[in-house]
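Each remark here refers to the structure printed beneath this line.
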Amino acid sequence: MPLYAFECSACGDGFEALQRFDAVPSPCPSCHASEVRRKLSTFVAGPARRGESTWTPAATRRDVIHHHHQ
44 MPLYAFECSA
54 CGDGFEALQR
64 FDAVPSPCPS
74 CHASEVRRKL
84 STFVAGPARR
94 GESTWTPAAT
104 RRDVIHHHHQ
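Going from the sequence shown to my numbering is simple: count from 1 and add 43.
In structure tokens, the structure reads:
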């Protein structure tokens, strides 16, 4: 399931949410406005083996990738 980054058109805050592609975008958690812009940021894969979790927050993955490319 894709992890989308959203930006609120009303207050400018950004947030992330796991949603299906065809789902109605989530409202802004800060001001509750429904006018948000959805941007694809990354995907979350299922566990490699039963009982294992491969999910980590997107910011952590971006930090690791950024550090790796420096």
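Glycine included, C-beta positions come from ideal geometry on N, C-alpha and C.
Q.
Distance cutoff 7 Å, beta carbons only. Does ALA48 sit that close to anything in chain B?
A. This model lacks chain B altogether; it includes just one protein chain.
(Q) Under DSSP, the beta strand (DSSP E) around ALA60 begins and ends at which residues? (A) 57 to 61
Q. If you run the structure through DSSP and keep just helix, strand and coil, what is PRO72?
A. coil
Q: Answer with buried or exposed for GLY55, where buried requires no fewer than 16 other C-beta atoms within 10 angstroms of its C-beta.
A: GLY55 is exposed by the Cβ-count criterion.
Q: Take the Cβ of CYS74 as the centre, count every other Cβ of all protein chains shown within 10 Å, and call the residue buried at 16 or more, exposed below.
A: exposed
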